[in-house]
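Protein chains: 2
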Amino acid sequence: MSDVTQTGTGAAAQPNSFRTIKTEILRRIRDRVWQPGELIPGEEDLAREFGCARVTVNRALRELADIGIVERKRRVGTRIAEHPLREARLEIPVVRTEVEARGAQYRFSVLSRDEVEVPETLRARLELPPGAPVLHVRCLHFADNRPWQFEDRWINLAAVPDIAGQSFETVSPNEWLVRNAPFSEMENDLSAAGATTEEAEMLGVSRGDPVFVIERATWLLDQPITLVRMVHPSSYRMISRV
Amino acid sequence: MSDVTQTGTGAAAQPNSFRTIKTEILRRIRDRVWQPGELIPGEEDLAREFGCARVTVNRALRELADIGIVERKRRVGTRIAEHPLREARLEIPVVRTEVEARGAQYRFSVLSRDEVEVPETLRARLELPPGAPVLHVRCLHFADNRPWQFEDRWINLAAVPDIAGQSFETVSPNEWLVRNAPFSEMENDLSAAGATTEEAEMLGVSRGDPVFVIERATWLLDQPITLVRMVHPSSYRMISRV
DNA sequence: ATTTACGATATGTATGTACATAATTGTCAA
DNA sequence: TTGACAATTATGTACATACATATCGTAAAT
């Protein structure tokens, strides 16, 4: 550090921002300056090259690692990921919003609503204590009066006590939960299946007809919030663009 | 270095880590100490409370904002998000990797391979010029010798000329493309459908049986790379954990 | 009344520094 | 040859500090 003078302390010029560094690194990957699998210079070197602090390079690289562009290991270094962009983002909309976004009129009806002790299968899936009270709600969602989604939901009442007082006359359980029960973890299981007798009846299709099934469980920290099975007719498309 | 304060300089105890703060904030949300929509104390206050530097609180809050748990605005503050975590990440693995990850043995076979002029339907979908040369490949992927995926793929030869010389004897088109044809845009369309006659035959199911269909198109900037339809038997699960 | 200007404030980011931690490499002995 | 163990090294995280920037409320100007 011969001429420290101008850098001094405090924030320097904006060109050194971690964003600039991120972009420059992406550029080098795009232009094949750094090939997939290749080890790139260390933070110290890059900091020297970009004329910034190591921490700044660290942040740039950390964020690139977060989205899977590079892979980092201590004592080893940072390398360009072999298979970049290997994940898609799927939006998780509220059913109502999803229907309305297609220009259709949304309506839902609650088919059943019971407060019960957690059944064993559910207990194992969500790691609930034996005998925990849960709310079981079954709903049918419509788009322009045609069945859009059959929803079979279990809610952990210990986690969301306020929902016990909800009538679900105007706001669906789905929407109420989205608005009132934040979660930090989510597990989605997408599959195709043959409609069960009940599902077929609800959705107005034949038994065994293909249906699109989303099973979703959510937690806040370690506390289970809800487990829901959402069944759509096979005309349903789940689309994501990246 | 003269003792600056009791903490001194450098890293302090681990209890101050930004992870601890993230967890504590999540706990307060879970325990309704802070409700959705509520404004929480400023970084300065939280830093004082947790006995750490403001930057540490900043990182914790920033990462919570990244996953949509809180929303932050300058001059305003940080509030608990009303509609938290509205997207899931779906991993897009190479078929071989996916099969091997389940402990099964992977194998594939190329069913057909033709260089043709782009058919009209495909042309419209990918925005290709009329008469553009495309490579049409059909593959069957196996897990432990049972059909896992039927792949029907179209590749824009103008975008990926090198693929013309590939025999696909050891490396599948899927894997070759992942390794050699970077893309910047991707569109995924997930759905459930009834197996066509051909699909049923390929996958060893009956015609009309539910199958899980992934249709994916990729581009590099505005240049179409490939359009692929991947059909799985209904035992297939696409799982994502966030 | 509407617009403009400005100050206050909370978050955003950069810097230098210090120590923590994981993983590889080298060394030496069993 | 192998195993144990220390040295090395790149990333990981924390701190104090300083300045940047967006945006709100308020007051002055139109």
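Order-wise, the sequence lines are chains Y and S.
Position one of the first sequence corresponds to residue 1 (our numbering), numbered consecutively onward.
Position one of the second sequence corresponds to residue 1001 (our numbering), numbered consecutively onward.
Ideal Cβ positions, reconstructed from N, Cα and C, are used throughout, including at glycine.
What you are looking at is a predicted structure, and each value in this text was computed from that prediction instead of being measured.
Based on the DSSP output, what are the partners of E1071 (chain S) in its beta bridges? Its beta-bridge partners are S:R1079.
Thinking C-alpha only, which one of Y:E127, Y:V205, Y:I29, Y:I163 is nearest H136 (chain Y)? The shortest Cα separation from H136 (chain Y) among Y:E127, Y:V205, Y:I29, Y:I163 belongs to Y:I163.
Assumed close pair L128 (chain Y), V118 (chain Y) - CB separation to whole angstroms, cut-off 8 Å: L128 (chain Y) to V118 (chain Y), Cβ: 5 Å. Contact.
Rounded to whole angstroms, how far is the Cβ of R1030 (chain S) from the Cβ of L157 (chain Y), which I believe are closer than 8 Å? Taking 8 Å as the upper bound for CB-CB distance, R1030 (chain S) and L157 (chain Y) are not in contact here, some 14 Å apart.
Counting C-beta neighbours from all protein chains within 10 Å, is the total for R1153 (chain S) 16 or more, i.e. buried, or is it exposed? The residue in question, R1153 (chain S), is buried, as its Cβ has 16 or more Cβ neighbours within 10 Å.
Can the beta-carbon of F142 (chain Y) be found less than 9 Å from the beta-carbon of F108 (chain Y)? F108 (chain Y) is positioned such that its CB atom lies closer than 9 Å to that of F142 (chain Y).
Please check if any C-beta of chain Y sits within less than 9 Å of the C-beta of Q1223 (chain S). At a cut-off of 9 Å, the C-beta of Q1223 (chain S) has no neighbouring C-beta in chain Y.
By how many angstroms is the C-alpha of R1229 (chain S) removed from the C-alpha of N174 (chain Y)? When rounded, the distance between both Cα atoms is 32 Å.
Helix, strand or coil at T1226 (chain S) according to DSSP, with G and I counted as helix: In the structure shown, T1226 (chain S) sits in a strand (DSSP, three-state: E or B).
Residue closest to M1238 (chain S), alpha-carbon to alpha-carbon, out of S:N1188, S:A1053, S:E1091, S:N1016: Ranked by Cα distance from M1238 (chain S), the options S:N1188, S:A1053, S:E1091, S:N1016 are led by S:E1091.
Short Cβ contact (9 Å threshold) for N16 (chain Y) with T56 (chain Y): T56 (chain Y) sits close to N16 (chain Y), with the two beta carbons spaced by under 9 Å.
Local conformation of V116 (chain Y) per DSSP, three classes: Strand at V116 (chain Y).
Helix, strand or coil at I25 (chain Y) according to DSSP, with G and I counted as helix: I25 (chain Y): helix per DSSP, three-state reduction.
If we require 3 or more residues per run, which beta strand (DSSP E) segments fall completely within the segment 158–198 of chain Y? Qualifying beta strand (DSSP E) stretches, in chain order: 185–194.
Apart from the five residues just before and just after R125 (chain Y), which ones in its own chain have a Cβ nearer than 8 Å to its Cβ? Here R125 (chain Y) has A217, L227 as same chain residues with Cβ atoms under 8 Å from its own Cβ, once five neighbours each way along the sequence are excluded.
Should Q1105 (chain S) be labelled buried (16 or more other beta-carbon atoms within 10 Å of its own) or exposed? The residue in question, Q1105 (chain S), is exposed, as its Cβ has fewer than 16 Cβ neighbours within 10 Å.
With 16 as the cutoff for other CB atoms within 10 Å, does T115 (chain Y) come out buried or exposed? Here residue 115 (chain Y) turns out to be Glu, not Thr, going by the sequence shown. Label assigned to E115 (chain Y): exposed.
Taking 8 Å as the limit between beta carbons, can you name the residues of its chain near E63 (chain Y), skipping five residues before and five after? So the qualifying residues of the chain are F18, K22.
DSSP-derived helix/strand/coil call for V213 (chain Y): Assignment of V213 (chain Y) by DSSP, reduced to helix, strand and coil, places it in the strand class.
Examine chain Y for any beta-carbon lying closer than 9 Å to the beta-carbon of V1242 (chain S), and answer yes or no. Interface residue, yes.
Whose Cβ in chain S lies nearer than 8 Å to the Cβ of V228 (chain Y)? Residues of chain S passing the Cβ test: none, with the nearest at roughly 14 Å.
From the DSSP output, in three-state form, read off R1125 (chain S) for me. Note: R1125 (chain S) maps to helix in three-state DSSP.
Going by beta-carbon coordinates alone, are Y1236 (chain S) and A195 (chain Y) separated by less than 9 Å? Cβ distance not < 9 Å, so Y1236 (chain S) and A195 (chain Y) don't count as in contact.
Answer with buried or exposed for S1206 (chain S), where buried requires no fewer than 16 other C-beta atoms within 10 angstroms of its C-beta. By the Cβ-count criterion, S1206 (chain S) is exposed, with fewer than 16 other Cβ atoms from all chains shown falling within 10 Å of its own Cβ.
For a test of the three-state rule: what should DSSP assign to R1153 (chain S), helix, strand or coil? Looking at R1153 (chain S) - three-state DSSP - the assignment turns out to be strand.
Could you tell me the boundaries of the alpha helix (DSSP H) in which V57 (chain Y) lies? Run containing V57 (chain Y): 54–66, per the alpha helix (DSSP H) assignment.
Please confirm whether M1186 (chain S) has its beta-carbon closer than 9 Å to some beta-carbon of chain Y. Answer yes: the Cβ-Cβ gap between M1186 (chain S) and chain Y drops below 9 Å somewhere.
Closer than 8 Å at the beta carbon, the chain S residues around V211 (chain Y): Simply A1192, P1210.
Can you give me the Cβ contacts of D1189 (chain S) inside the same chain, cut-off strictly under 7 Å, excluding the 5 residues immediately before and after it? In its chain, beyond the 5 residues on either side, E1215 have a beta carbon closer than 7 Å to the beta carbon of D1189 (chain S).
Tell me whether Q35 (chain Y) is buried or exposed, calling it buried when 16 or more other Cβ atoms sit within 10 Å of its Cβ. By the neighbour-count rule (16 or more Cβ atoms within 10 Å), Q35 (chain Y) is not buried but exposed.
Taking any Cβ of chain Y, which residues in the segment 1093–1119 of chain S have a Cβ under 8 Å from it, in chain order? Residues P1093, V1094.
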